[in-house]
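Novice: Sequential numbering of the sequence shown, starting at 11, is according to the working numbering.
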Amino acid sequence: MKNKLPLLIGAIVVIAGLVFFMGGGDKTAKKSGDSSAPIVIPTHNWSSQIVMAYVIGGIFESMGNNVSYVNADSQAVYESIRIGDVTISHEVWESAFGKSFTTALDKGGLLDWGDHEARTLEDMGYPNWVVDKGLCPGLPDWTALKNPDCAKNFVTPDSGGKGRMLEGPQTWHGDLIPQRVDALGLGDLWMVKFAGSADALWAELVAAEKEGRGTIIFNWTPNFTDGAGFTFIDFPPYTAGCRPEDGGDGKCGSPDGYLKKAVHEDFPKTHPGAAAAFKKMSFTTSHIGAMAALVDVDKMTHEDAAKKWLADNESVWKPFIK
Ligand code: TMO
Numbered sequence: 011m012k013n014k015l016p017l018l019i020g021a022i023v024v025i026a027g028l029v030f031f032m033g034g035g036d037k038t039a040k041k042s043g044d045s046s047a048p049i050v051i052p053t054h055n056w057s058s059q060i061v062m063a064y065v066i067g068g069i070f071e072s073m074g075n076n077v078s079y080v081n082a083d084s085q086a087v088y089e090s091i092r093i094g095d096v097t098i099s100h101e102v103w104e105s106a107f108g109k110s111f112t113t114a115l116d117k118g119g120l121l122d123w124g125d126h127e128a129r130t131l132e133d134m135g136y137p138n139w140v141v142d143k144g145l146c147p148g149l150p151d152w153t154a155l156k157n158p159d160c161a162k163n164f165v166t167p168d169s170g171g172k173g174r175m176l177e178g179p180q181t182w183h184g185d186l187i188p189q190r191v192d193a194l195g196l197g198d199l200w201m202v203k204f205a206g207s208a209d210a211l212w213a214e215l216v217a218a219e220k221e222g223r224g225t226i227i228f229n230w231t232p233n234f235t236d237g238a239g240f241t242f243i244d245f246p247p248y249t250a251g252c253r254p255e256d257g258g259d260g261k262c263g264s265p266d267g268y269l270k271k272a273v274h275e276d277f278p279k280t281h282p283g284a285a286a287a288f289k290k291m292s293f294t295t296s297h298i299g300a301m302a303a304l305v306d307v308d309k310m311t312h313e314d315a316a317k318k319w320l321a322d323n324e325s326v327w328k329p330f331i332k
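(1) Any heavy atom of the ligand TMO closer than 8 Å to the Cβ of ALA106?
(2) Can you tell me where the alpha helix (DSSP H) with ARG190 in it begins and where it stops?
(3) In this structure, does DSSP put PRO52 in helix, strand or coil?
(4) For LEU176, write down the residues that DSSP places opposite it in a beta bridge.
(5) Is the CB-CB distance between ASN55 and GLY135 below 9 Å?
(6) Can you list, in chain order, the residues of its chain with a C-beta nearer than 7 Å to that of ASN315? Leave out the 5 residues immediately preceding and following it.
(7) How big is the Cα-Cα spacing for ASN163 and TRP200?
(8) Measuring from the CB of SER84, is there a heavy atom of the ligand TMO at a distance below 8 Å?
(9) If we call anything under 9 Å between Cβ atoms a contact, is ALA193 one with GLY237?
(10) Tell whether a beta-carbon distance below 9 Å holds between TRP182 and SER46.
(11) Look up TYR248 in the DSSP assignment and say whether it is helix, strand or coil.
(12) Could you spell out where the beta strand (DSSP E) holding LYS270 opens and where it closes?
(13) Could you give the first and the last residue of the continuous beta strand (DSSP E) run that contains PRO282?
(14) Taking the C-alpha atoms as reference points, what is the distance between ASP198 and ASP151?
(15) With hydrogens ignored, establish whether the beta-carbon of GLU101 is closer than 8 Å to any heavy atom of the ligand TMO.
(16) For a quick check, are the C-beta atoms of VAL77 and PRO52 less than 9 Å apart?
(17) Kindly indicate the opening and closing residues of the beta strand (DSSP E) around GLY108.
Okay, structure coming up:
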């Protein structure tokens, strides 16, 4: 018994330390009134979104909050937020996800938490060397695509003799682009292939340049390609209701779109501090382009990119938590 006393005292010291430490953590959370339950942040399949997930998670953690990440389908996530399985969405892109977002908003349970400063465009385009090499004179006007002498420069072994456009993963836009190609009367000259991932789009740019053939891919801004010699095609302008999913004929390009934030309706009650900070969060085109570039150009992991972005941009995000 006697020689077990030091062990007992040691155990008491360790437990007391743990209780003190956990109590301290609790106090930080209590100061803002935030629950210690984790804030659930979704990750999808393009770089800026994943980096920004960890950026925002890091900001919440700096406030004493707990965070968890869940990989989620980028359309279904709005229903998941509505029913409370996911807490927030930090990149609601109008063209790709506006419909799913609005559907969840109308059903109730999800709140529109405001826009980022950045505006968005999600559409088909090409690297500028395509036009510099004379592969499709008349671009970026979409009517240049009606020329068979243009389309033939975009043929690939899997395109059945037609020019190929490489769309992103089908989960982003469904059949929007194939429908548009047909609606505009381009279906005899062009076919649309879906890429399996964002990385496949960037690999296509490298492959096409090496092979000296034309390439048209789906891309978006803000992205790491901003200012890097990429041009979006000018399709007939987007108008409300022009898309087939909204009852239109589909003869239109993508909107000058919003980039929104959304939250589950209980978030401001369970985590008032974090919710207030998230409401203030607004990133610009260059902030978001830089988040993507740290991964797609500098080849960092998403987590490391977020840590670097937070360390380099305290003057941007510290005001959000004040
Ligand atoms: C949703 N996205 C940015 C890939 O167009």
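Beta carbons are placed, not taken as given, at the ideal position from N, Cα and C, and that holds for glycine.
Specialist: This is what the structure gives:
(1) On the sequence shown, residue 106 is found 96 positions in, with the first residue counted as 1. Under cutoff, so the answer is yes.
(2) One-based indexing of the sequence shown puts residue 190 at position 180. Here the alpha helix (DSSP H) through ARG190 covers 186 to 193.
(3) Locating residue 52 in the sequence shown gives position 42, counting from the first residue. Reduced to three states, the DSSP call for PRO52 is strand.
(4) As a working mapping, residue 176 is identified with position 166 in the sequence shown. In DSSP, LEU176 forms a bridge with LYS203 and ILE227.
(5) Within the sequence shown, numbered from 1, the residue matching residue 55 stands at position 45. Within the sequence shown, numbered from 1, the residue matching residue 135 stands at position 125. No, they are not a contact pair.
(6) On the sequence shown, position 305 is the one that residue 315 refers to. In the sequence as presented, Asn is not what sits at residue 315; that position holds Ala. So the qualifying residues of the chain are VAL61, MET301, LEU304 and VAL305.
(7) Numbered from 1 along the sequence shown, position 153 holds the residue referred to as residue 163. Numbered from 1 along the sequence shown, position 190 holds the residue referred to as residue 200. Rounded to whole angstroms, ASN163 to TRP200 spans 11 Å at the Cα level.
(8) In the sequence shown, the residue the question calls residue 84 occupies position 74. Yes, since a heavy atom of the ligand TMO falls inside the 8 Å radius drawn around the Cβ of SER84.
(9) As a working mapping, residue 193 is identified with position 183 in the sequence shown. As a working mapping, residue 237 is identified with position 227 in the sequence shown. Cβ distance not < 9 Å, so ALA193 and GLY237 don't count as in contact.
(10) If you number the sequence shown from 1, residue 182 lands on position 172. If you number the sequence shown from 1, residue 46 lands on position 36. It is not a contact, given that the beta carbons lie outside the stated cut-off.
(11) Taking the sequence shown and counting its residues from 1, the one referred to as residue 248 is at position 238. TYR248: coil per DSSP, three-state reduction.
(12) Indexing the sequence shown from 1 puts residue 270 at position 260. Counting along the chain, the beta strand (DSSP E) containing LYS270 begins and ends at 269 to 274.
(13) Numbered from 1 along the sequence shown, position 272 holds the residue referred to as residue 282. Looking at the DSSP string, PRO282 is not in any beta strand (DSSP E); the run it does join, the alpha helix (DSSP H), is 282 to 290.
(14) For the purposes of this step, residue 198 is taken as residue 188 along the sequence shown, with counting starting at 1. For the purposes of this step, residue 151 is taken as residue 141 along the sequence shown, with counting starting at 1. Spanning the two alpha carbons is a distance of roughly 19 Å.
(15) Against the sequence shown, residue 101 aligns to sequence position 91. Yes.
(16) The sequence position of residue 77 within the sequence shown is 67, counting from 1. The sequence position of residue 52 within the sequence shown is 42, counting from 1. Going by C-beta atoms, VAL77 is not nearer than 9 Å to PRO52.
(17) Stepping through the sequence shown from its first residue, residue 108 is reached at position 98. Element bounds for GLY108: not the beta strand (DSSP E) but the alpha helix (DSSP H), 104 to 117.
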